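What follows is a short report on a single structure.
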Amino acid sequence: MVYFGSFSLLSPDGGNLTPRSNKAKGLLALLGDATDMRRGRRWLESQLWSDRAPAQASGSLRQALIEIRTALGEHADLLGSNRLEVWLEAGRIETDLEPGTAFRQTHREPLESLDVRDEAFEDWMRAFRARFETEAEPRPPVAAPTPLPKSSYSIRAVMTDCGTSAERITGHIIADQVARNLEEQLTTRRFANLGRDPKQALPDLEIRCEVADDGARGVVFLRIEHARDGRVLFSQHRTLTGSATEAISQGVIVGLAHSAALRILHRVPAVGDLSRPEIAAAGFGSLGLRNLARFDPAGLDGAQGMFAHAYERDANGIYLAWRAFARMAQLVEGGGGDARPCLEEVQKLGGDALQQSADNGFAVSLVALTRIMLEDDLSAPAALAERAILLNSNNLFARQTLAVAHSAVGDTETAYQLSLSCRQSETDDDLGHLWDLYHALVCISSGRLDEARVAATRASRAAPRFVAPRRQLVALCAHAGDMAAARSHLAELQRLEQDFSLDRYLQDPAYPVLTLRRAGLIDTLPRGDFGD
71 MVYFGSFSLL
81 SPDGGNLTPR
91 SNKAKGLLAL
101 LGDATDMRRG
111 RRWLESQLWS
121 DRAPAQASGS
131 LRQALIEIRT
141 ALGEHADLLG
151 SNRLEVWLEA
161 GRIETDLEPG
171 TAFRQTHREP
181 LESLDVRDEA
191 FEDWMRAFRA
201 RFETEAEPRP
211 PVAAPTPLPK
221 SSYSIRAVMT
231 DCGTSAERIT
241 GHIIADQVAR
251 NLEEQLTTRR
261 FANLGRDPKQ
271 ALPDLEIRCE
281 VADDGARGVV
291 FLRIEHARDG
301 RVLFSQHRTL
311 TGSATEAISQ
321 GVIVGLAHSA
331 ALRILHRVPA
341 VGDLSRPEIA
351 AAGFGSLGLR
361 NLARFDPAGL
371 DGAQGMFAHA
381 YERDANGIYL
391 AWRAFARMAQ
401 LVEGGGGDAR
411 PCLEEVQKLG
421 GDALQQSADN
431 GFAVSLVALT
441 RIMLEDDLSA
451 PAALAERAIL
461 LNSNNLFARQ
471 TLAVAHSAVG
481 DTETAYQLSL
491 SCRQSETDDD
501 LGHLWDLYHA
511 LVCISSGRLD
521 EARVAATRAS
531 RAAPRFVAPR
541 RQLVALCAHA
551 GDMAAARSHL
561 AELQRLEQDF
571 SLDRYLQDPA
581 YPVLTLRRAG
591 LIDTLPRGDF
601 GD
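This is the structure in structure tokens:
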């Protein structure tokens with residue numbers, strides 16, 4: 071596959087296998103540039119037909135695939151596709167993207183004559199060309215830099231000198247909880263006193279928490295600093311009722327620790343040295359979370375790529391757990407169908423994550439939640455959720471996972487109380503709309519349909535292309551007698567899901583509305599009120 075000069079695809083005997091249209095060429099260029107020559111269908115559609123509705127973009131992609139297979143002729147098996155992805159057989163294709171490739175035309179620019187009329191593709195092509203702007207003739211090899219030791223990012227939770235002994239200890243416990251949360255999501259070393267490590271006099275981060283109370287009311291002030299230069303990376307306070315020692319278990323304080331860890335995860339790449347593998351990985355992980363939060367096809371596909379890049383930089387099992395979760399979201403958002411290869415991938419990613427991060431409560435909870443959403447036998451993932459709580463009882467994600475697990479096995483009241491406590495924690499979370507969706511599902515299972523509708527509405531407003539909450543809202547609004555809203559959400563599903571139909575929603579047991587079916591809300595829908 072030739073990128074430098076005119077884009078072309080050549081057979082081993084020199085035959086030209088290049089399709090004629092620029093969109094088909096662009097599709098091949100996007101596939102060939104991927105690490106494993108594999109891309110998600112929705113992501114490809116968003117790059118080549120970004121101005122079209124999903125159904126039109128999907129049809130255009132199918133036409134481009136037909137054109138490519140026709141051009142490949144007897145080599146048509148080089149191109150593969152399923153409901154979620156398109157790929158090339160990477161082991162049988164060589165590109166000129168690596169420096170020193172024998173057939174690279176070093177005096178030519180990449181993709182010189184490729185003209186794809188789409189703003190998203192043009193943005194990709196500008197970034198693609200920028201990678202090669204400073205690259206000249208192949209340079210002599212240089213010695214690889216000595217890798218930094220794993221877990222070189224250091225955190226210290228500091229006990230302050232202010233307040234009574236109870237206030238100081240309480241503040242230190244809260245600061246240490248933030249450090250624990252960070253330790254689960256970023257490769258770090260957590261120290262009580264770095265003075266014992268002669269190689270490193272200062273930590274990367276220092277976490278301080280000051281607490282003051284009069285026995286009836288109190289205030290908690292949390293601050294996280296970049297220890298090398300004193301920059302404040304996070305500072306927030308919370309007011310609370312009760313004594314200082316009671317603050318530790320209050321949901322609002324657990325929420326503060328959760329929010330602080332998440333904000334720091336996004337700040338670390340901006341203030342750290344990206345040559346350190348764990349910081350570079352944190353940067354990719356941050357981008358992955360922001361992509362995931364969109365819950366649209368391109369975002370979910372982008373999240374997959376970012377988490378994969380993170381794991382390449384730093385082999386931390388948390389990134390495998392996030393990949394499994396993102397793949398599960400793609401399967402659920404896609405509406406089901408024959409997805410056995412992807413299910414196998416999810417199982418492998420989850421298994422590898424558990425093997426590498428068996429003592430990481432966040433990773434364990436992610437795998438548990440992923441399996442709850444996909445598996446019929448819920449006893450094993452429910453046990454995983456219990457294990458995650460034992461590893462870190464103040465991890466809010468683990469608590470929400472445990473709530474979903476209790477709901478899935480029929481313990482709906484325990485599930486509701488757990489989920490409600492998470493909702494009341496005042497978290498600042500990129501995935502807040504995901505939490506709203508899970509709370510809606512828990513509320514449906516426990517018969518709190520009005521509360522479920524409120525939570526699902528929040529989720530759909532926060533992420534307009536998020537399909538799952540709209541699936542719940544069709545039935546919830548209809549049950550409440552608001553058929554205008556139900557029809558509106560139904561129309562959005564028809565716009566967002568290329569193969570959606572009301573018959574499938576009502577009758578297909580594989581369509582992902584199992585919680586609604588178990589609650590009896592699908593069978594009682596007034597089908598005639600939805601119109602034609």
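So the sequence shown is numbered by my numbering: it starts at 71 and just counts up by one.
Each residue gets a CB set at the ideal place from its N, CA and C atoms; glycine is no exception.
For clarity, every value in this text was computed on a predicted model and none was experimentally measured.
query                                                                                                             : result
Rounded C-alpha distance that separates H242 from W392                                                            : 30 Å
Three-state secondary structure (DSSP) of I163                                                                    : coil
Environment of K220 [buried if 16+ CB atoms lie within 10 Å]                                                      : Only weak support is given to the placement of K220: the predicted model assigns it a pLDDT of 45, under 50, and the question is left unresolved by the model.
Contacting residues, own chain, Cβ-Cβ under 7 Å from D185 (five flanking each side not counted)                   : N92
Status (buried if at least 16 other CB within 10 Å, exposed otherwise) for H559                                   : buried
Neighbourhood of D267 by C-beta, 6 Å cutoff - its chain only, sequence neighbours within 5 removed                : Bear in mind that the predicted position of D267 carries a pLDDT of just 48, short of 50, making it unreliable; the figure below should be weighed with that in mind. Once the five neighbours on either side are set aside, D267 has no close Cβ partner at all.
Straight-line Cα distance separating S571 from A525                                                               : 24 Å
Bridge partner(s) assigned by DSSP for G288                                                                       : D283, L310
For H296, the residue or residues it bridges with in DSSP                                                         : L275
Under the three-state DSSP convention, the category E414 falls into                                               : helix
Cα-Cα separation, M398 to Y73                                                                                     : 34 Å
Identity of the residue in P596, D188, T105 nearest L158 by Cα                                                    : T105
Beta-carbon spacing of L118, G96 below 7 Å                                                                        : yes
Residue interval of the alpha helix (DSSP H) (run including T257)                                                 : Counting along the chain, T257 falls outside any alpha helix (DSSP H), and DSSP gives it neither H nor E.
Rounded separation between A538 and H509 - CA only                                                                : 13 Å
Rounded separation between I294 and M229 - CA only                                                                : 13 Å
Cβ neighbours of L384 in the same chain (closer than 6 Å, five flanking residues each side left out)              : It is worth fixing the name first, because residue 384 is Asp in this sequence and not Leu. For D384, where only same-chain residues beyond five positions count, the Cβ hits under 6 Å are T257, P347, E348, A351.
Within 7 Å, strictly: CB atoms of A428 and L454                                                                   : no
Paired residues, beta bridge with L584 - DSSP                                                                     : Its beta-bridge partners do not exist; DSSP assigns none.
Neighbour-count burial assignment, P534, 16 or more Cβ in a 10 Å radius                                           : exposed
Classification of I334 by the beta-carbon crowding that lies within 10 angstroms, buried from 16 upward           : buried
Proximity to G150 [Cα-Cα], best of V416, S435, S463, G102                                                         : G102
Closest by C-alpha distance to W505, when choosing among L543, L466, R540                                         : L466
Buried/exposed call for I244, threshold 16 Cβ in 10 Å                                                             : buried
Contact test: W194 Cβ vs the ligand MN heavy atom, cutoff 6 Å                                                     : Ligands displayed in this structure: none; no statement on the ligand MN is therefore possible.
Nonlocal neighbours in the same chain, by C-beta distance under 8 Å from R298, ignoring five residues either side : L272, D274
Classification of C232 by the beta-carbon crowding that lies within 10 angstroms, buried from 16 upward           : exposed
The region 327-342 / the region 304-316 touching (three or more Cβ pairs under 8 Å)                               : yes
Contact under 7 Å by Cβ, A396 with A373                                                                           : yes
Delimiting residues of the alpha helix (DSSP H) encompassing R541                                                 : 537-549
Extent of the continuous alpha helix (DSSP H) to which I334 belongs                                               : 321-341
Boundaries of the beta strand (DSSP E) in which L148 is found, first to last residue                              : Where L148 is concerned, there is no enclosing beta strand (DSSP E), given that its DSSP letter is neither H nor E.
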